[in-house]
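In what follows, a single structure is set out as structure tokens and then discussed.
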Amino acid sequence: MENLVLVHVRPRHQKNVMAYRQAFLASGESMDGSSDLQDFTDFQAWYDQVQASSQRETVKAGWVPASQYICLQRGHQEVLGMLQFRHELNNYLKEIGGHIGYSVHPDYRNQGIAQTMLKEALKICYHQGMAKVLVTCHASNKASQKVIEACGGVRDESSFDPNSGEEVYRYWIQVN
Ligand SMILES: CC(C)(COP(=O)(O)OP(=O)(O)OC[C@H]1O[C@@H](n2cnc3c(N)ncnc32)[C@H](O)[C@@H]1OP(=O)(O)O)[C@@H](O)C(=O)NCCC(=O)NCCS
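With UniProt numbering applied, the sequence shown corresponds to residues 1 to 176, in that order.
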């Protein structure tokens with residue numbers, strides 16, 4: 001898909017963010033890279049949490065600052081994907097979560113949206129002065145593996161996710 005942009009989420013995106021949430025609740029899939037949008041019926045409460053999570057002074061204890069992005073097609077409002085960039089790694093992120101989480105609307109899969117989003121996010125990481133970025137996915141998530149490998153991911157040692165009981169593939173991507 002062409003003319004995709006990755007932008008910070010804003011209050012004006014409310015209707016389309018909540019439509020994205022509904023689509024995932026209907027498909028029953030995991031809303032990765034959405035700052036736990038699945039847990040919020042109220043957009044403002046979710047948005048407040050996104051804002052608090054973006055600053056070291058206000059992020060939840062034990063969590064690292066993170067930025068929430070949405071993917072749109074230029075000139076359109078529908079949310080096609082969501083991506084969260086975690087500015088640093090804590091122990092959980094080092095082993096399981098990585099720097100970047102993402103998901104793509106179930107109706108728009110296999111059109112290169114995740115790949116485009118990850119490439120855009122890597123540019124943001126580069127501009128923040130990062131040298132390498134950790135991106136992870138479950139061993140069963142073949143689509144995400146393709147996305148990460150297409151963006152230059154090099155496999156490191158795997159870990160184990162006790163929540164899902166699955167092996168986690170851990171990839172480093174050089175961004176400089
Ligand atoms: C993983 C996910 C983000 C991919 O989004 P997407 O926009 O469809 O990804 P892209 O189109 O950029 O690339 C998908 C690639 O996987 C391939 N693919 C899709 N399903 C596949 C499968 N079951 N087995 C193997 N390859 C598969 C596609 O052919 C494509 O490869 P290609 O570029 O070589 O043709 C999307 O499926 C999703 O949101 N899933 C639920 C949440 C999730 O798993 N997030 C990632 C957590 S790590």
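Virtual Cβ for every residue (Gly too), placed ideally from N, Cα, C.
| query | result |
| --- | --- |
| Residues sharing a beta bridge with Ala66, DSSP | Arg86 |
| Residues bridged to Asp161 (per DSSP) | Glu166 |
| Of the residues Ala19, Ala52, Gly28 and Ser27, the one placed nearest Ser35, counting alpha carbons only | Ala52 |
| N- and C-terminal bounds of the alpha helix (DSSP H) containing Thr116 | Ile113 to His127 |
| Cβ separation of Gly33 and Gln84, assumed to be a contact under 8 Å, to the nearest whole Å | 4 Å |
| Run of the alpha helix (DSSP H) containing Tyr47, from where it starts to where it stops | Phe43 to Ser53 |
| The alpha helix (DSSP H) enclosing Val17, as first and last residue numbers | Gln14 to Ser27 |
| Any 3 or more C-beta pairs closer than 8 Å across the region 98 to 115 and the region 134 to 142 | yes |
| Proximity test, Asn163 beta-carbon vs ligand 1 heavy atom, cut-off 7 Å | no |
| Stretch pair the region 73 to 84 + the region 112 to 121: three plus CB contacts closer than 8 Å | yes |
| Buried or exposed by the 16-neighbour rule on C-beta atoms within 10 Å, applied to Val168 | buried |
| At least 3 beta-carbon pairs within less than 8 Å: the region 57 to 66 vs the region 105 to 114 | no |
| Cβ-heavy atom distance, Gln111 to ligand 1, below 7 Å | yes |
| DSSP-derived helix/strand/coil call for Leu37 | helix |
| Three-way DSSP call (helix, strand, coil) for Gly152 in this model | coil |
| Closer than 7 Å: residue 177 CB and nearest ligand 1 heavy atom | Examination of residue 177 is not possible in this model, given that the chain is present from 1 through 176 alone. |
| Classification of Ser144 by the beta-carbon crowding that lies within 10 angstroms, buried from 16 upward | buried |
| Whole-angstrom distance between Ala121 and Tyr102, CA atom to CA atom | 10 Å |
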